[in-house]
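Chains as they are written, first to last, in the working numbering: chain A, 9 to 247; chain B, 9 to 247; chain C, 9 to 247; chain D, 9 to 247; chain E, 9 to 247; chain F, 9 to 247.
We treat Cβ as the ideally placed atom computed from N, Cα and C, and that holds for glycine.
Here the structure comes first, spelled out in structure tokens, and everything after it is commentary.
Protein chains: 6
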Amino acid sequence: MTELKPETRDKLLQVSVATLATALFKRGFRNQTIQDVRPLKAKGRNMVGPAYTLRYIPAREDRNAIDVFRDPEHPQRKGVEECPPGAVMVIDSRKDPRAASAGDILVTRLQLRGVAGIVSDGGFRDAMKIAELDIPAYHNRPSSPTNLTRHEALDLNVPIGCGDVPVFPGDIVVGDDDSVIVIPAHLADEVAAEAHEMTAYEDFVSERVKAGETIIGLYPATKQENLEKFAAWRKERGR
Amino acid sequence: MTELKPETRDKLLQVSVATLATALFKRGFRNQTIQDVRPLKAKGRNMVGPAYTLRYIPAREDRNAIDVFRDPEHPQRKGVEECPPGAVMVIDSRKDPRAASAGDILVTRLQLRGVAGIVSDGGFRDAMKIAELDIPAYHNRPSSPTNLTRHEALDLNVPIGCGDVPVFPGDIVVGDDDSVIVIPAHLADEVAAEAHEMTAYEDFVSERVKAGETIIGLYPATKQENLEKFAAWRKERGR
Amino acid sequence: MTELKPETRDKLLQVSVATLATALFKRGFRNQTIQDVRPLKAKGRNMVGPAYTLRYIPAREDRNAIDVFRDPEHPQRKGVEECPPGAVMVIDSRKDPRAASAGDILVTRLQLRGVAGIVSDGGFRDAMKIAELDIPAYHNRPSSPTNLTRHEALDLNVPIGCGDVPVFPGDIVVGDDDSVIVIPAHLADEVAAEAHEMTAYEDFVSERVKAGETIIGLYPATKQENLEKFAAWRKERGR
Amino acid sequence: MTELKPETRDKLLQVSVATLATALFKRGFRNQTIQDVRPLKAKGRNMVGPAYTLRYIPAREDRNAIDVFRDPEHPQRKGVEECPPGAVMVIDSRKDPRAASAGDILVTRLQLRGVAGIVSDGGFRDAMKIAELDIPAYHNRPSSPTNLTRHEALDLNVPIGCGDVPVFPGDIVVGDDDSVIVIPAHLADEVAAEAHEMTAYEDFVSERVKAGETIIGLYPATKQENLEKFAAWRKERGR
Amino acid sequence: MTELKPETRDKLLQVSVATLATALFKRGFRNQTIQDVRPLKAKGRNMVGPAYTLRYIPAREDRNAIDVFRDPEHPQRKGVEECPPGAVMVIDSRKDPRAASAGDILVTRLQLRGVAGIVSDGGFRDAMKIAELDIPAYHNRPSSPTNLTRHEALDLNVPIGCGDVPVFPGDIVVGDDDSVIVIPAHLADEVAAEAHEMTAYEDFVSERVKAGETIIGLYPATKQENLEKFAAWRKERGR
Amino acid sequence: MTELKPETRDKLLQVSVATLATALFKRGFRNQTIQDVRPLKAKGRNMVGPAYTLRYIPAREDRNAIDVFRDPEHPQRKGVEECPPGAVMVIDSRKDPRAASAGDILVTRLQLRGVAGIVSDGGFRDAMKIAELDIPAYHNRPSSPTNLTRHEALDLNVPIGCGDVPVFPGDIVVGDDDSVIVIPAHLADEVAAEAHEMTAYEDFVSERVKAGETIIGLYPATKQENLEKFAAWRKERGR
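Written out as structure tokens, the structure reads:
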């Protein structure tokens, strides 16, 4: 599991997915935001943690009867017990929300175990209950049928696709109230740092725009004068 | 119309669609949850009732001018007056939300007539107003164009498809804040009973998981000790 | 830019998109409601204004590096400064929400400049922040990646498609909490007037249905008696 | 069953679906061409006949075991024996080609019984064999799973949707090597006649364009001189 | 690798995917036909062999530059050299044909190595050239961009999904001119045997239907007399 | 209009779209192959020419009656007469094949005028006739309804999107029997040259692979020995 530095984590808690997406775009990454996934409930705070993955394949009827859950090694159940505290469980449901990726009891267990969040490009059952838990969860849409109907849990912690995005175990996953992004592990520190800086400037710009200023020359800062004002603004606020 | 036994109805009011989906899955039914349909507003209570259906086909321009509504036998209007109190109106809109399945005046009339709810795999117009009514309504997304734009109301109370699910008049329809499921009429009593039992166990498991217990051996109950604790728990709570 | 008469604007502020869609349907227009677009937040009031358009085409990598925003003539930035107060900015994002159409800083600037609203058939980044601004915004879903990832801003104020609807600069755009409709400029006055009348009758019908009356003969008014009651109702309320 | 006049049938054998679509468009019909359906094999001749319909709904597992075909009243099998010679069987498969609408044995039987053709907005199994039969067949794509997997045959000869088009029993169905169109029964004679006339002009235009002429003034005929040349051309060819 | 018995292989060479799908349906398997995949060219003979799989995940730009193919361990290239003669290479392209799964040089190499066929739920580049090779190939549609554009080859011979079907290494893959089916390894012998028997009856039925007989009582054989005629027919033909 | 050098054109006539896609990928272009478009008929030779574009927007009923074609300035008709000989007409149909982009008479006129080909991300009517013309044509699928049903021709020779690809007038368009690619104008010479070189190597590799050689070390050429053999091979063949 990647060591996520506390200062990187702190920075990632304070920046938006949009800003991170731009920081990654500047480095040539165009495809790190998980598509068509949303929070079950806006939490007003970021989800941050290294990815721990679960891979589903389509279910075959003879391998997915209800009693498979009696096996303590069933990958879905095992994953729920083994996903490290602080990590984000990311599920490859092949963008198929017609059966559940997981339900409220498993997500409650993850919360109790200190897991940082859960993401699926399919859907969760008991979604209304999961929404009320104190753990961020993201999916495509509520899905009541048991996962056995369409999904067979196959692998834990292998590279997967989720919402058209490559996810490698240990990549840093960040979610806000809009969406979820996957930062390649080796870039987490520098991207967090850059996004932190960008956020300071965006906050400064927001203030100015709310005060009635034009964006031309300000966003981006093509006028020298705006850079100077920003320097003063930062000093004033200690940012 | 199916006679829905009061005790079956009571049980169905207290279980989730997810639990019902599992009870049906155990009996070989993999396709009873209406796909891609959601409540206009979470009601915090279940919708339960036998299905009364309305079938739309694509509209032909010469048969669907605005004055067709003047005909008291127009199937959409007739259905709104004839859907039995306690029933759920289920509409086959061919999964096409580009024109409305119904609007707030018709849904208000259904509410006043004691209808239990309304479901379409298309969309409702005046959705924000319908959301505030005291009748559960489920659709794909808000849709403002009049139904005449794309839908011709053709049949009342024939078997239909809704959200890829077969719906026969008299099947028991249950909706919660996540989704809607269709229970074949002849299975309503036994599925309600089983889901009721399953819910007791799930509530017990939820409590234990919230208290920090592992799901292995507990969910499902492969450890004898957990079955004993559950027996005690039920006795204590009179469930 | 079309002159939007104050009385037309007033009427359009008080009618629903559904009613406007029916008024247009009666005139042979079946395709003026923008499909699959929703408000970022229900505002409880209508958005009304003439269309000012922005056209995106797919982005080519060598033309859409991050520094293109330094150009004060970049169409997206220029459009934000030139969209007339009172107008609605409508964006042709080719129904592709995989990259953002705009973000909160630009939308804040539009608000400050007195723009009446913004609509895209793609998605906005910083959607949660835009939702809290005092300007109506409509899109398909939140989208965090910068527009450069997939969209190149090309043209301002040319005819476009948005959500499968033709939009000509100066067409009157109306949004409510359900959806958005585009009224051809030359029909704005008469459609507003008719929708205003229709709304009076719908309000009367709503009252009667809530009082327990059948819709047959009332909606539409095929019974003479209902037309008389409506006349009395209007007089009483001064409508 | 509609009486299809021999002279109408003759005309419909000689015009293209494109020309018929334009003739219907002029009468206000914008939605009569079945979408996303193609011939299994180009036949080089038109399919023409009144519609005889079969309606599928989604299959429920307990009602669609393999032995249902033993019932001589099973609607799919019954329809194959009862579809009138000269008619076109049109199947509402809800645009779902994931299981078959029919296979080569049934289609062979239709051919032997003198049926004019078969159309489904799903897919046929044994498609390669059906392609070689002497009966035109149109579908979305080959589909090998038995219909029982997803479709329950429910109704015969009721109004249906097929490829987003309304189809009423007795409507006149015409297919060429590109696509299939549905002519409302009461318009068959006049639309056939007009399409026949249009085809003469199109053939004339084709000849002239192949001879190097501009389309301006010719297609459509806005120059008087072209109408005169056309009159001469018709006389010469006896058309 | 599963041992595929020569007599099982022989039988599978002579039956259609449709018949195999029915034999699997009778055993409770509803989802073994790969969806939306077609032969690049009809070969008039079946593809049969055990599955050897390749798994793609979405490509990350920094891991998929053009020089990755210089690595002799690159999974796509390695798979092409290691796929056993007689096996079918099945590729999980996540149903994304926007970049190639493979091209003609690799498929030529597979042919030369004695591989029985190749299937992808994405698309092949150089499709017209592959179509002319003497190895059956199935995909969704031609796709010219290099796989690096969207796909990273990750794993060889692990369980995958392909066209919504679960594929385990060693499952028996059969393709005809319509589609491709995956037979669970442990069922290959019995399913082949049953399909072989079913095919004899279907051939008998075909002959009778072509001779003008009704399908009622014949298909399926509910009339005793037809079973007797079939027995005679088999004896006569030695089948 | 871009000057397309004769030697560049010659090279582009001899390379595949797949090879061009790789040459562009190496330069950072991932999105130049038009998606989901195919030749109406394989021509066995490439289509090459600079792009001349036509932009459609969704049709509004009052602006798209049948008589609009009487206007000699109607953009579709005007474009057909003004598209330069040697150019490729590329149509932005917003990926909507539900109504035609053009029909056989217009395409015949283009052929007669010496136009090099036509591409639409929608569909052509009279597709079977166009397939037989001596001009390459590419679309999504046959579409019989007149363009007026859904498309309004708006602009000529402006930048457009086609099949998710940006197309600027003068970009070089190349189509083979698989697909169509758009080369940015300023790169045409260098990309043609590189693709020409790559093709020589691919032809050499093909020969070797057909002779039984492994691809490892050969494709790409990581073994020095293969580069030497290739040098000899070129000399021998004068390539």
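query, result
"Coarse secondary structure for residue 89 (chain C), derived from DSSP in three states", "helix"
"Cβ-based contacts, 8 Å cut-off: residues of the stretch 200–232 of chain E near chain D", "210, 213, 214, 217, 218, 220, 222, 223, 224, 225, 227, 228, 230"
"Beta-carbon gap between residue 168 (chain B) and residue 12 (chain B) smaller than 9 Å", "no"
"Chain E contacts from the stretch 157–188 of chain A (Cβ-Cβ distance under 7 Å)", "160, 162, 167, 168, 169, 172, 173, 174"
"Continuous alpha helix (DSSP H) stretch holding residue 233 (chain C): start and end", "232–245"
"Closest by C-alpha distance to residue 184 (chain E), when choosing among E:35, E:47, E:39, E:18", "E:47"
"Reference residue 211 (chain E); option with closest CA among E:22, E:136, E:165", "E:22"
"CB of residue 156 (chain A) within 9 Å of CB of residue 76 (chain A), strictly", "yes"
"Secondary structure of residue 157 (chain D), DSSP reduced to three states", "helix"
"Classification of residue 58 (chain F) by the beta-carbon crowding that lies within 10 angstroms, buried from 16 upward", "buried"
"Residue range of the alpha helix (DSSP H) that includes residue 138 (chain A)", "135–140"
"Residue 330 (chain B), enclosing alpha helix (DSSP H) - first and last residue", "Residue 330 (chain B) is absent from the structure shown; chain B starts at 9 and stops at 247."
"C-alpha gap between residue 28 (chain A) and residue 189 (chain A), whole angstroms", "8 Å"
"Classification of residue 160 (chain A) by the beta-carbon crowding that lies within 10 angstroms, buried from 16 upward", "buried"
"C-alpha distance - residue 17 (chain C) paired with residue 41 (chain C), whole-angstrom precision", "18 Å"
"C-beta neighbour in chain E for residue 128 (chain D), strict 9 Å", "no"
"Reduced DSSP secondary structure (H/G/I, E/B, other) of residue 61 (chain C)", "strand"
"Range covered by the beta strand (DSSP E) that runs through residue 100 (chain F)", "96–100"
"Close Cβ partners of residue 166 (chain B) (< 8 Å) along its chain, the five nearest in sequence each way excluded", "61, 63, 177"
"Contacts around residue 247 (chain B), its chain only, beta-carbon distance under 7 Å, and the 5 residues preceding and following it disregarded", "208"
"Rounded straight-line distance, which links the Cα of residue 233 (chain B) to that of residue 240 (chain B)", "11 Å"
"Classification of residue 231 (chain C) by the beta-carbon crowding that lies within 10 angstroms, buried from 16 upward", "exposed"
"Chain D contact residues for residue 25 (chain E), given Cβ-Cβ distances below 7 Å", "152"
"Within chain C, the residues that residue 255 (chain F) reaches when beta carbons sit closer than 7 Å", "Examination of residue 255 (chain F) is not possible in this model, given that chain F is present from 9 through 247 alone."
"Separation of residue 175 (chain D) from residue 35 (chain E), as counted between CA atoms", "37 Å"
"Classification of residue 244 (chain B) by the beta-carbon crowding that lies within 10 angstroms, buried from 16 upward", "exposed"
"Interfacial residues, the stretch 116–144 of chain F to chain D, with Cβ spacing under 7 Å", "116, 117, 120, 133, 134, 135, 136"
"Local conformation of residue 37 (chain B) per DSSP, three classes", "coil"
"Spatial neighbours of residue 134 (chain F) in its chain, beta-carbon cut-off 6 Å, leaving aside the 5 residues before and after", "111, 112"
"Alpha carbon of residue 82 (chain A) to alpha carbon of residue 229 (chain B), nearest angstrom", "14 Å"
"Within-9 Å CB hit, residue 43 (chain B) to chain A", "yes"
"Residue environment, residue 3 (chain B), which counts as buried when at least 16 other CB atoms sit within 10 Å", "The question about residue 3 (chain B) has no answer, for chain B in this structure spans 9 to 247."
"Interface flag, residue 59 (chain C) vs chain B, CB-CB below 9 Å", "no"
"Within chain F, the residues that residue 39 (chain C) reaches when beta carbons sit closer than 9 Å", "66, 67, 68, 69, 158"
"Cβ separation of residue 152 (chain B) and residue 128 (chain B), assumed to be a contact under 8 Å, to the nearest whole Å", "With 8 Å as the limit, residue 152 (chain B) and residue 128 (chain B) do not qualify as a contact, their Cβ atoms being about 14 Å apart."
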